[in-house]
Structures are given as C-alpha cells and as structure tokens.
Amino acid sequence: MRDTLARWIADAETHYAIEDFRLGAPLSQLDYLEDRTTDLYFSLVGELFDMVRAGAGDPLDWASLGRGLDSVSRELENGARADALFFAAVAFYLGGYPASAVMIMRRSDPRYWESEVQRAAHELLTRPANPAVASTRALVDSVRSGDIMVVDAAVTAAQTDAAQALEVGPEEWVANRLYLALLQRFHETNLRAVLPDGTAGRWDPLVGSFLDRRQPVWDFFPSQIEAIDAGLLTSGQSYSLQMPTGAGKTALTETLIFDHLTRSPESKAVLLVPYRALARELRGSLGLHLSAMGLRTRTVYGGTVPGIEESEDLDEVRVIIATPEALTGLVGAHPELQTTISLVVCDEGHLLDSGARGVGLELLLARLKAPTPSPRIVFVSAIVPNVEEINTWLGGSDATVVRSDYRPSTAEFAVLRPIGTGGQTRIGLELHEPSTSVPSYTLPDFLRPQDFHFTNPSTGRRNTYSYSSTKTQAVAAARKGLTLGSVAIFAAEKGGNRGAVGLANELLKQLKAGLDLPSPLDHIGDDAMVESAVAYLSAEFGNDWVGTRSLRAGAIVHHGDVPQETREVLEELVADRHIRMVMCTSTLAEGVNLPLRTMVLYSVKRSADRAAPVPMLARDIKNLVGRAGRAGSSTRGLVICANPDDWDVVSPVAEGQPGEPVDGALIDLIRQLEGALARAQRQLTNEVLEANSPLFSLVDGVDAALIELIRDELGADEFARVAERFAAETFAAAKATEQERVLLLSVFELRARRLVEMRETGRLALARTTSARPRLVDRVLDVLIPRYPAWGTAESPLDPELIGVFVTWALEQPGFQREAEIAYRSTEVADFGGSLTRLLLAWLEGQTFEEIAVRAGVSVDVLLRIHAKVILYDFVTLVEQAVALIQEHATETGESLSPVVSAFPDYLRFGASTPPARDLMARGVRHRAAAIALGSDPAMLAPTSIFATPWSIARDLLTDEATWLPRLGALVYRRTVADVVARRPVS
Numbered sequence: 007m008r009d010t011l012a013r014w015i016a017d018a019e020t021h022y023a024i025e026d027f028r029l030g031a032p033l034s035q036l037d038y039l040e041d042r043t044t045d046l047y048f049s050l051v052g053e054l055f056d057m058v059r060a061g062a063g064d065p066l067d068w069a070s071l072g073r074g075l076d077s078v079s080r081e082l083e084n085g086a087r088a089d090a091l092f093f094a095a096v097a098f099y100l101g102g103y104p105a106s107a108v109m110i111m112r113r114s115d116p117r118y119w120e121s122e123v124q125r126a127a128h129e130l131l132t133r134p135a136n137p138a139v140a141s142t143r144a145l146v147d148s149v150r151s152g153d154i155m156v157v158d159a160a161v162t163a164a165q166t167d168a169a170q171a172l173e174v175g176p177e178e179w180v181a182n183r184l185y186l187a188l189l190q191r192f193h194e195t196n197l198r199a200v201l202p203d204g205t206a207g208r209w210d211p212l213v214g215s216f217l218d219r220r221q222p223v224w225d226f227f228p229s230q231i232e233a234i235d236a237g238l239l240t241s242g243q244s245y246s247l248q249m250p251t252g253a254g255k256t257a258l259t260e261t262l263i264f265d266h267l268t269r270s271p272e273s274k275a276v277l278l279v280p281y282r283a284l285a286r287e288l289r290g291s292l293g294l295h296l297s298a299m300g301l302r303t304r305t306v307y308g309g310t311v312p313g314i315e316e317s318e319d320l321d322e323v324r325v326i327i328a329t330p331e332a333l334t335g336l337v338g339a340h341p342e343l344q345t346t347i348s349l350v351v352c353d354e355g356h357l358l359d360s361g362a363r364g365v366g367l368e369l370l371l372a373r374l375k376a377p378t379p380s381p382r383i384v385f386v387s388a389i390v391p392n393v394e395e396i397n398t399w400l401g402g403s404d405a406t407v408v409r410s411d412y413r414p415s416t417a418e419f420a421v422l423r424p425i426g427t428g429g430q431t432r433i434g435l436e437l438h439e440p441s442t443s444v445p446s447y448t449l450p451d452f453l454r455p456q457d458f459h460f461t462n463p464s465t466g467r468r469n470t471y472s473y474s475s476t477k478t479q480a481v482a483a484a485r486k487g488l489t490l491g492s493v494a495i496f497a498a499e500k501g502g503n504r505g506a507v508g509l510a511n512e513l514l515k516q517l518k519a520g521l522d523l524p525s526p527l528d529h530i531g532d533d534a535m536v537e538s539a540v541a542y543l544s545a546e547f548g549n550d551w552v553g554t555r556s557l558r559a560g561a562i563v564h565h566g567d568v569p570q571e572t573r574e575v576l577e578e579l580v581a582d583r584h585i586r587m588v589m590c591t592s593t594l595a596e597g598v599n600l601p602l603r604t605m606v607l608y609s610v611k612r613s614a615d616r617a618a619p620v621p622m623l624a625r626d627i628k629n630l631v632g633r634a635g636r637a638g639s640s641t642r643g644l645v646i647c648a649n650p651d652d653w654d655v656v657s658p659v660a661e662g663q664p665g666e667p668v669d670g671a672l673i674d675l676i677r678q679l680e681g682a683l684a685r686a687q688r689q690l691t692n693e694v695l696e697a698n699s700p701l702f703s704l705v706d707g708v709d710a711a712l713i714e715l716i717r718d719e720l721g722a723d724e725f726a727r728v729a730e731r732f733a734a735e736t737f738a739a740a741k742a743t744e745q746e747r748v749l750l751l752s753v754f755e756l757r758a759r760r761l762v763e764m765r766e767t768g769r770l771a772l773a774r775t776t777s778a779r780p781r782l783v784d785r786v787l788d789v790l791i792p793r794y795p796a797w798g799t800a801e802s803p804l805d806p807e808l809i810g811v812f813v814t815w816a817l818e819q820p821g822f823q824r825e826a827e828i829a830y831r832s833t834e835v836a837d838f839g840g841s842l843t844r845l846l847l848a849w850l851e852g853q854t855f856e857e858i859a860v861r862a863g864v865s866v867d868v869l870l871r872i873h874a875k876v877i878l879y880d881f882v883t884l885v886e887q888a889v890a891l892i893q894e895h896a897t898e899t900g901e902s903l904s905p906v907v908s909a910f911p912d913y914l915r916f917g918a919s920t921p922p923a924r925d926l927m928a929r930g931v932r933h934r935a936a937a938i939a940l941g942s943d944p945a946m947l948a949p950t951s952i953f954a955t956p957w958s959i960a961r962d963l964l965t966d967e968a969t970w971l972p973r974l975g976a977l978v979y980r981r982t983v984a985d986v987v988a989r990r991p992v993s
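Just so we're aligned, residue 7 is where the sequence shown starts under our numbering, counting upward by one.
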C-alpha cells in the first residue's frame, strides 16, 4: 500500500476517534480531510482493485484498507454506505480476517443490491444458518458433504461471469470480480480444503459441528492453516504452537483432538488448562462439541483427589479436560489411565513459570513423557519466546515449532499524558500508530477540566472534581471509551485503593458527583437482564457490596475472589453486550473470551505481602492486552496506559518485543532453595522439605512422579538412582547450572528415600491408593484420626465437632496458619479457628455470603478473600487429602466410614449439606442456592423417588414456574432450568 494512502487512512481514523471521544478541540493537521470523503473513498476502492488484481498483499495492508472503508462508510448513506461496507468486508476476508469480514458485512444492508451475485457475496460473508441464495447453499452443502468439486465449479463459473460482466458494465463487473476473489479465497481456506484428505468421510462430524454452530465456522484462520500445513494433524511428533490470543487456538485444538482420536479409537486425549474457570468454560463449549461428535468428554478440576463423578465410567471417556493438579490426582488414583493417553495438549503453556502451578505442570509433563512409548504432547501458548527450547524438551524438533503473529484484529496502544497542574491540567491521549500526521501521535484535551466540573447539590455551586490521581484519570478514560464499545479497566491487585475494588469505588464516586462523562448506564443492553443480575447479587452479597452497587450503576467488578458462579454471570453480561464496563484483575485474561474494544491499564505493578510494587512481565501484559479487540467483536482494539510512569513497562509490548523467556517455576524454586540454604547455612533434608510450605509444590510434584516409578524389588540406593535419572529429564535440569543440577537431583534423591521409608512401614500404599500426598500420611494417621471418635458414625456435615477437628488440624499444618493470617489481615479477628469454624458452618448451612460475613465478623470483601484462598483452596485441599487417607485406612482396618465423612470434601467445595444438593452441583447445576433449595425439597426424599435421580427430580420440580421462579429469582431460575432441562448432566 502506498505510504500516502496509509497515512490518509490513519488520519481519517484519528479524525473519527476525535468524534467518537467527543473531543472539543479539532486538530489543524487533519484539516486537509475536510470535504474529501469522496476522494478517500475512490482512492480506497481503487486500491482494493489494485490489490485484487495483484492477487496478494500484506495482511496488515488488507486490514488497513478494510478499516479505511469502514471508516468512510460513516459519512455515506443508503446504497453508497452498503457498498462501502461490502468493499470493507471483502478487504478483510481477502486479507485473512474472516471474523472481521463477517462482522462488517452483517452491518451492511443488502436491500440496495439488485444483482444475485452481490446477494451471494453477502451470504458468503454473513454466514447465515440457512442461506437463501442457491449458490451459497450449494457451497455450504459441498463443504458439509465433502464434494469440493462444487466449489471448484463455482470458481470456474465465477471466472466466466466476471469476464462476461465486463461487457455489461462497470457495476456488474465490480460485483462479479469481487465475488470471484471471495470464492477463490474460500476455495483455499474452507474446512475441507485445509484438512488433510479433507473429503474423507471421517471428517463429517467435525465439519458438520463447525457449520451448525451459533456462529458458523466455514473456513480456517491463517494461523490455523499455518499449523495444519506444518503437519500438526499428519505428524506423530510433539509440536509447540505460538499463537497470539484470539488466533483460533481452541478450534484448532478441537480439530487436533478429533483427528487424533478418530485415528486412534482405543486411546484418550487430555487437554491441560491452568485454571478452573477455563476448564468450566471449555466444558460447556469444546467439551459439549466433542461429546456430540461421539467423543465423550470429562472435565476434571474439582481438586487433588478425584470425586466419584470424576472417576466413574472412565473407560468410556475419550477426552479429559483437566487442570494439572486434578489430572495428577486422577492418574494417581487410576494409574492404568496413563497407558491409554496418547495425546496431551497443554494450553496456556507459559504458566510453566507460574509458581506452584508451574512446578506441578512441569513435573506432570515430565511424568507423562517419561514412559516409552510416550504420548504426543502439543504445547500451546501465545507468549513464550523460547518455545523452541521447550519443544525440544518435550521431544519435538525444529520442524515442529509453529510460530504465528496473526491476530484477527489489530491492537493500538496509547498513554495518557497530563499537561499543566492543578485544576488547569489537560490530559492528552498519545497514540502509538505507525503512520499519522498528528505530531507525537497525540489527541490533545482527551480529558479536560470541563470533564470534571460538577454542581454541588447542597450549595448549587460549580466545583471541580479532583482528577490529579491516576485512578481518577483511568476511570474517566474508560468512560470515554464506552462510546467505542465494551471497556475493561485493569488493576494488578484485587482489593484496596490500588485494586479493582478501588476502581469501582472511584467510578461510583464520579457517578454520584454527576461528572459530564459517558455513563455505563447509558450503554446497557437488556435492562431486564441486568436488573435480574442486580437482584441476584443483592440476594447473595447484599445491597451494600461494591459489586452490587457497581452493577446497579452499569458496571461489573471481576476478580479472583468473586465466586466462580458469580463470575460466570458477570462474564455473560459482558459477552452478551448487556454491560459495557468491567473493572478487573488478570482473572479476565485467564482464557475467557469477551468482546472488549478498549482496555485501560490502571496499574501494571503488583505488590505481594506489602512489599514494594514489582512490574508485571511483558509477556503477561501481552497476554492481557490480547483481550482487547476480539475476533468478531471489533476490527481493532485500543489499549490505554493510564499512568505515564508505567509506559516503560508497557511500551515493549506495544513495540512487539518478544518478552521474557520461560525457564519454569521449578528451576526458579531450586534457585530460591539454594539461596535459602546458603543464608541459613543448613543442609537439605527431608525434614526441611516437609516443614517449609513454599517447597510443598516441589515435594508433592516429585512424590507424585516417583510413586509411579517405585517397585517392591528396588532398594533405597537403586530407587534413588531412578529418581535422579527422572530429575535429569525435567526442563529444570536443562536450564540448571551444574550446582543447581546437583541440588535438583538431591531433592529427588531425598524424596525417593522418604518413599522407600514409607514403603517399609506399609504407609506408602495408602498414598499410592488414594493419590494423597505422602507428606500428609503420618499427620493424618497419627494426629487427625485419634482426635475424632465418630469417623464411622457422623450423621451430618453440620456437626460442629467434625468441622472444628478439621479446622484445628489444618491450622497446625505448615503454611496454613500463615495463609489465614494474610487473609484475615486488617480485621479485628484474633481467633482464626473460631472464626473459620463459624464461617464453615454457615457456608455448609447454605447461608448467603452476606449472612456468612456477619457470622464470621468480617466485611463481604474480606469474606470473599478468606473463602477463595483459605477455604476453597487450602482448607478443601487438606480435607480432601485427609478424608481419602482416612477412608483407605478404615478399609484396611476393617472399619466403616460414615457417608457424611466420605462426602465431606464435596460438601465443603459446594457449600451444601444434603446428598441431593451435592449431587446436583457435582453434575452441573451452577448455582448453589438452586441446588440447596431443590436438594431440600420433600420430593427428593419421597418414597416414590427411589428409582429417580436428583437430576430428574429437579427437572420435574422446575416445571412449576409459579413456585420456583419467585423462590430462586429470575436469573438463578433461568440458568438452572438451562442446566437441568435443556441438557443432560455434564461430565
């Protein structure tokens, strides 16, 4: 593309940005655009045909051309506007941006087109479920059936039509020539054309699934084509894929799993995902799709010890979606499972560097790749610059690394630049666009003093709202961004003034003052949907909770302490475009796809345990900002750095620098251990390993791997050598210095000797059978079991003595007391044990979070912090480990264990106290309040229900809308009906 035209497009976009942001000051540099819309339009159309004739072009040039035509369409009307959008969609599609093409074409109005060929082009790019044009139906049917000769014939016919149309007239030729270009592109990128041996019948279920989705998929993205062309589906080697966020990793993974399992009918595939939230999302998308194709899918993310539902009918399961810790537990409890796994896809692989999660992931991957033959491993990440190293470790070669820089939409970066002081400060938006005529790429007066003027209601005087803080400017900038679409304000922390909660309070304060800035309430989609969500939050958390007040004002608060069921409600509001503003932490970047147009980075520095703030890694920022400008929601995203002092942290991402390499959390922990031992002048022993909670991820991961390898015939020295050989196969060993390598091998040797000791006492079998952590065996058998005499007779999970025994024992475990102290920080609670016991009892009773906070004597935000970290993670993990050991010990000694105790970890996890409620939540009911209410209904215990399941009983109960709608509330009732009526229990 010519430089002058590229600059013209960029300047036009800047001009429209000034209009969208409602900036008062025009830019003299853009005066030349005045009354030149027609000139720009003709130039763009001419460039389009030049590029079509050339038959190639830089994808970014095609995208720039598409955006330019889209911008110009704003100044046009009726048929001219429809034509401009048509041309824009064509540019995006030919450049390899089908999602943008579909979005743009759906905004056009086909009523202005008289020719059949234009309507056919419109349908080809709008992807209707039931095409009305015969030629489009024929194309879709050919892809569905595998008869791609139809597509070949359509291209040939279009070539003839284009040649003949030139004799009819220019308008006829334009439509036919562009339709030909679209068909030629579709001929290369449609599903059947890209899949190896794509016409084969074995692809029919996958192709049919893609075609029949709510957002139909007819062809592949360039990044997906690149991976498939590189042999991803035809090679048996391990691969590593570096694909930007939004480049189609999920659909490619689905294709890979389907292909592998249909060619290996006796084996299983595993999709490893780092977060429970992502596992839950995939259960309802990829999992349902694969199950519908005949590949039964099981999602496992409940905990470190598999539950009943997670372990049942594993022989029939073909696909397992799991977090690393959950898969470690599942394979530990069912060691025969590992021999059936022939494909492992590791998504978000950069989390090898993520603390305890990364240590567990590396040791699990090392464990999976250790046998011969080992499963094929496909490592996927958007942000690992040294992916070749990891691929080599996993068994791949240089030829099996696929790097793609394709993004379905482009991202633009900007930074707020204040000028002046006090009440006269004016804040410019410094845009980092590659080509523009604006000096310093700055939009001056993006935020002006007038934006912060308000009338004091008590005095009637005009005042100026203090706007010197970065937080105030970040929220104000986000409010301006509402005119473009959905906007997220990111905070690196959850609570406090620097966190997402502080942003929410700032927004509420601005709205109360009545600043003349766009209001989130003015951009609500469905009032009734939002009102039902407000009622839900009010019932669960109270009217005064910041999340409730924010949603009532048209915005949501989203962070890791917000319960999962609530996060899903909030995410749906954004995904369905009912809410446009969200204040969030990195939890919003954990794999959940939302249609964000703008992201404001309020802070990119984190402080842990009151330490000095530390900048986020560039690769983590890159992953985060990839959420701005999602495929199918916008053609570009805007990322605004609110704090100029943070720009040196953000700018490497804006410049496209690769970011930091991934060494792995395991080697990082070894280095920390080396330093700690040197400072303390201590020798490494098993006692040191088992007494220091920062080392537990290392100890537990090593133990889980070595239990797999230990044999009765191996002596201590021989098994220690086996352990050292295994340690040498970790990624950490490849990254270590000689001294670090010695320490790494020493850890494995020590743990091997500990396991041999446990084997000699007969206690290793308990850990092996239950997949519980060996370091906890003695603490459960010798300390916990003697404290409670009613393990076999406990009648209720609400027994205060049972709860108290577990709480007291948990507080004695290394690290748990410290986590409780951190969670209770800034409260007046001194008796953690008493508070936790009261909290747990209220949780199991089914009380709301507002009620539990009162019972525990803390605020709702503090309760959510305690609940997320201490209860649902640390405490539940300890209890599920302990109960597994208690149950196996009872079996060995010929004693019985109360069903209440056996199910106690699930009761804790779900916050319910009846078997039906536990069963409903374990099998897919999302809302705790609904499961509790349905589970306690007399119908669940009726004599006539002994052959019915809680699921079927709940389904029948919910048909009585007059009773259950007011009881559950509109939102919970609607979602629970969808859970139990519209689909079968999910795996």
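Note that CB positions come from ideal geometry on N, CA and C, so glycine has one too. Since the model is a prediction, treat every value here as computed from it, not as a measurement.
DSSP bridge partner residues for residue i (one or two, in chain order)
i	result
E499	G505
R423	G434
V325	A275, T303
F460	N469
L644	E418, T604
M587	V493, A561
S410	None; S410 has no bridge partner.
T448	E436
Straight-line gap, residue i to residue j (C-alpha atoms, nearest Å)
i	j	result
T303	E322	9 Å
D210	L301	14 Å
W815	L790	7 Å
L202	S902	Per the sequence presented here, residue 202 reads as Pro, with Leu not at that position. Straight-line Cα distance between these residues: approximately 56 Å.
T883	R73	51 Å
Q190	A199	12 Å
A822	S538	Checking the displayed sequence, the identity of residue 822 turns out to be Phe instead of Ala. Straight-line Cα distance between these residues: approximately 38 Å.
A62	R8	15 Å
Under the three-state DSSP convention, the category residue i falls into
i	result
H895	helix
S387	strand
L602	strand
A417	strand
G63	coil
L770	helix
T775	helix
S525	coil
I649	Looking at the sequence provided, one finds Asn at residue 649 rather than Ile. In this structure, N649 counts as coil in the three-state DSSP scheme.
H564	strand
E19	helix
Selected residue, minimal CA-CA separation from residue i, among the options
i	options	result
M111	V123, A127, E122	A127
L579	W653, V493, R774, E418	V493
D582	Q570, A497, P601	P601
V350	A339, I326, I877	I326
C59	L186, A12, A624	Inspection of the sequence shows that residue 59 is occupied by Arg rather than by Cys. Checked all of L186, A12, A624; the closest Cα to R59 is L186.
K628	G662, R636, V813	G662
R924	E315, L607, Q823	E315
L749	I676, A796, F737, I809	I676
R934	R757, T899, L850, I877	L850
D37	A18, L29, T44, L54	A18
Beta carbon proximity, residue i to chain D, threshold 9 Å
i	result
R586	The structure shown contains no chain D; it is built from a single protein chain.
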